[in-house]
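In the working numbering, the protein residues as written are 44 to 296.
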């Protein structure tokens, strides 16, 4: 299949049922997905004008025979990216940092968006198959749109799974690994999963928003001390995300 993400040079395209595995203890994730990244809406040839997107640099892969699909995807994508940029100053203030602290570190974030379809999971005999297995997201935070079908769960501080009940007219924001590494776990990654036992189809659209990929994820001075030393090795954002993507799709680029 020309759209197959496993044949893509930049982790974009289509993922079939069980085509990825976010939890190594599971057999695979029971969903279909379509992944895309930055693209100028008015770019007539569909190519990306970005060269700073690390492993995701390069063009999106669009299906043929779907009039309006690209336009609808990019309209939502750019609106979500704009929202993400508005959220960063709030996180900076919460960390007692200058409001514009993240501004020069998020000039060209390689935000990836996914269109996800979860079929009803009728067979409950195999506990190693979930809509998407327990995991954390790779970037700073995720902006998630979900329909009204309950499937998303988050792991609370007591180690119990809690339903993230869909609320009409709202978006879910989950914290991710880049923020966890940057803040030395002051902001902890949200462990979550999705299991669709509803009996009907479920759709969701996550946009993974992070820092520019050349930025080093080094614990911020205000988040470390003698009693709370840095927990993570220093790595660039791009290298970290690439390693996680390769593990998820079980291939190397």
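Note that the Cβ used here is the ideal one computed from N, Cα and C, for glycine as well.
| Query | Result |
| --- | --- |
| Cβ pair count under 8 Å reaching 3, the stretch 136 to 150 against the stretch 57 to 73 | no |
| According to DSSP, residues forming a beta bridge with residue 78 | 56 and 157 |
| Per-residue DSSP class, three states only, for residue 185 | strand |
| Extent of the continuous beta strand (DSSP E) run through residue 70 | No beta strand (DSSP E) holds residue 70; DSSP gives it neither H nor E. |
| Start-to-end residues for the alpha helix (DSSP H) that takes in residue 299 | Coverage of the chain is limited to positions 44 through 296, which leaves residue 299 absent and any answer about it impossible. |
| Cα-Cα separation between residue 137 and residue 278, rounded to whole angstroms | 24 Å |
| Alpha carbon of residue 161 to alpha carbon of residue 255, nearest angstrom | 30 Å |
| Sheet register partners of residue 172 (DSSP bridge) | 71 |
| Cβ neighbours of residue 51 in the same chain (closer than 7 Å, five flanking residues each side left out) | 104 |
| Selection from 199, 240, 241 and 194 that minimises the alpha carbon distance to residue 232 | 199 |
| Span of the beta strand (DSSP E) around residue 196 | 195 to 198 |
| Cβ separation of residue 186 and residue 216, assumed to be a contact under 8 Å, to the nearest whole Å | 6 Å |
| Residues of its chain near residue 141, where Cβ-Cβ distance is below 8 Å and the 5 sequence neighbours each way are ignored | 135 |
| Outcome for residue 221 when other beta-carbon atoms lying within 10 angstroms are tallied against a minimum of 16 | buried |
| Beta strand (DSSP E) segments (min. 3 residues) lying fully within the stretch 210 to 250 | 215 to 218 and 235 to 237 |
| Exposed unless 16 or more other CB atoms sit within 10 angstroms - verdict on residue 152 | buried |
| Separation of residue 276 from residue 258, as counted between CA atoms | 14 Å |
| Close Cβ partners of residue 174 (< 7 Å) along its chain, the five nearest in sequence each way excluded | 72, 73, 74, 161, 164, 194, 237, 238 and 239 |
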